[in-house]
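Novice: Let me begin by handing over the structure; questions about it come next.
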Amino acid sequence: FVDSYDLVLTAGEDDIISAFKKFDSKVVFSAEGFCWPEPQLADQYPAVKMNEKRYLNSGGFIGYAPEVYSIVAQRDLKPTDDDQLYYTRTFLDPNLREQWSIKLDSMGKIFQNLNGALDDVEVKFKGSKSYLYNAKTGNIPIVIHGNGPIKHHFNRLTNYLVDHWTPTGGCKGCHDNTISLDGIKEEDLPTVFLAVFIEHPTNFIDYFFEGLTDLKYPKAKMDLFLHYADEA
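For reference, each letter of the sequence shown is one residue, going 350 to 581 in the working numbering.
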């Protein structure tokens, strides 16, 4: 189970299952450095080693179906209940934690929650491949989760992950969902609309406009909308 819109998978099913089996556990939850949504529960968590994340994050977990079903079905749930708090209370019960063999991925071997951990990770490249490396744990996580208020940093990282851009291959993702215009007459090309918003004083703006004029597309087929704030 993973969250959806703020997450990237950097490997496939075989790698995920292989990493999960090394935990020797029935259910593994992702971990983070914040005890949320009830910080007062922090002291009830088992201690972890330096550089490990101590607290459960419900944005990613993996497990065997019988145990996951038992965890979810143990209590009645309302649509307004907090899922992270529900799983947290389960994990903090020593009997239930042992009964269902629940562990946290405190070293980020599968799940990497980025909120509060941006200084721990960096994008690395090997040939035409890119990957996220956790320098504190020495692991290469598979499930990259941009949880919390760090979406712009997450978007920046995902420009490079999953081999989207590498020094040797360039921007592979730039060629996704493109169409060829070879052989199409200029008068038959679609008209494109380009909007430029300049809201703040911007250095080197002349280079930006030079880049616009250098676009390899017939200017007669381009509509330009330019908006700038008074102080810009």
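In this text, a Cβ means the ideal position worked out from N, Cα and C, and glycines have one as well.
Tell me the rounded alpha-carbon separation between K570 and V492.
Specialist: As a first step, residue 570 is located in the sequence shown; it is residue number 221 there, counting from the start. As a first step, residue 492 is located in the sequence shown; it is residue number 143 there, counting from the start. When rounded, the distance between both Cα atoms is 42 Å.
Novice: If you draw a straight line from the C-alpha of Y566 to the C-alpha of N552, how long is it?
Specialist: Start at 1 with the first residue of the sequence shown, and residue 566 comes out as number 217. Start at 1 with the first residue of the sequence shown, and residue 552 comes out as number 203. So the two alpha carbons sit approximately 26 Å from each other.
Novice: Report the three-state DSSP secondary structure of I489 (helix, strand or coil).
Specialist: For this step, residue 489 is matched to residue 140 along the sequence shown. DSSP places I489 in coil when its eight states are reduced to three.
Novice: Which whole-angstrom value describes the C-beta separation of F378 and D432, a residue pair presumed to lie in contact below a C-beta threshold of 8 Å?
Specialist: Locating residue 378 in the sequence shown gives position 29, counting from the first residue. Locating residue 432 in the sequence shown gives position 83, counting from the first residue. The pair is not a contact, with the Cβ atoms about 11 Å apart (cut-off 8 Å).
Novice: Alpha carbon to alpha carbon, how far is D425 from S419?
Specialist: Within the sequence shown, the letter at position 76 stands for residue 425. Within the sequence shown, the letter at position 70 stands for residue 419. Whole-angstrom Cα-Cα distance: 12 Å.
Novice: So which of Q461, M399, P388, R438 has the shortest CA-CA distance to L358?
Specialist: Your numbering for residue 358 matches position 9 in the sequence shown. That would be Q461, whose Cα lies nearest to the Cα of L358.
Novice: Between L481, E362, I499, D468, which has its C-alpha nearest L510's C-alpha?
Specialist: Here residue 510 is taken as the residue at index 161 of the sequence shown, counted from 1. The residue with the shortest Cα to Cα distance from L510 is L481.
Novice: Suppose the cutoff is 8 Å on Cβ atoms and the five residues either side in sequence are ignored; what does the same chain contact list for G476 look like?
Specialist: On the sequence shown, position 127 is the one that residue 476 refers to. Same-chain partners within the cutoff: T515, T517.
Novice: For the alpha helix (DSSP H) containing E559, name the first residue and the last one.
Specialist: Here the question's residue 559 lines up with position 210 in the sequence shown. That run of the alpha helix (DSSP H) goes 554-562.
Novice: Please report the distance separating the alpha-carbon of A402 from that of L573.
Specialist: Sequence index remark: in the sequence shown, residue 402 carries index 53 (1-based). Sequence index remark: in the sequence shown, residue 573 carries index 224 (1-based). As written in the sequence, residue 402 is Lys, which differs from the Ala given in the question. Rounded to the nearest angstrom, the two C-alpha atoms are 49 Å apart.
Novice: Thinking C-beta only, is W449 closer than 7 Å to K370?
Specialist: Numbered from 1 along the sequence shown, position 21 holds the residue referred to as residue 370. Numbered from 1 along the sequence shown, position 100 holds the residue referred to as residue 449. Taking 7 Å as the Cβ cut-off, K370 and W449 do not qualify as a contacting pair.
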